[in-house]
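**Student:**
Residue numbers (this note's numbering): 17 to 187.
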């Protein structure tokens with residue numbers, strides 16, 4: 017999957033969202049709008065050399081996406097992405113707890129965000145960040161090692177506490 021295909025899918029999904037919105041199906045519209053947002057996130061990553069299979073994941077895709085937008089000075093677009101995830105995806109489609117008017121307003125805000133992201137993709141598509149993936153893989157390996165070490169640390173602290181409790185009660 018290349019960046020242009022992902023952008024086309026994003027546009028298609030957003031148009032579907034508008035269709036659902038026109039029919040009054042706000043929750044399905046929210047799901048389609050979120051899909052458009054996610055496809056643009058993936059398109060940005062693929063455009064800079066991140067393989068699609070990594071770009072589509074949250075473990076690799078989100079941290080890279082976040083770092084790229086921050087490096088571009090586009091923290092506002094990152095915050096909007098997170099807002100869309102909360103309102104459209106979690107609370108809108110899945111939770112169905114967002115009032116219709118607020119959900120509709122958020123869906124309509126997606127269009128401007130998509131356009132801004134498309135311009136960014138066009139501007140940075142010649143950047144090759146494929147080496148960033150190697151660093152991310154090292155980060156992920158280190159994170160797993162830290163989690164294992166933390167689990168062992170916790171186990172040993174529990175063992176120490178248990179030993180002390182046992183010895184104190186025996187006296």
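Ideal Cβ placement from N, Cα and C applies to all residues, glycine included.
1. Quick one: is residue 51 buried, meaning 16 or more other Cβ sit within 10 Å of its Cβ, or exposed?
2. State the CB to CB distance for the pair residue 119 and residue 103, rounded to an integer number of angstroms; the pair is presumed to be in contact (CB under 8 angstroms).
3. For residue 144, name the three-state secondary structure that DSSP assigns.
4. For residue 176, count the other beta carbons within 10 Å of its own beta carbon; 16 or more makes it buried, fewer makes it exposed. Which is it?
5. Between which two residues does the alpha helix (DSSP H) harbouring residue 25 extend?
6. Measure the alpha-carbon distance for residue 19 versus residue 115 and round it to whole angstroms.
**Tutor:** This is what the structure holds:
1. buried
2. 7 angstroms
3. coil
4. exposed
5. 19 to 38
6. 34 angstroms
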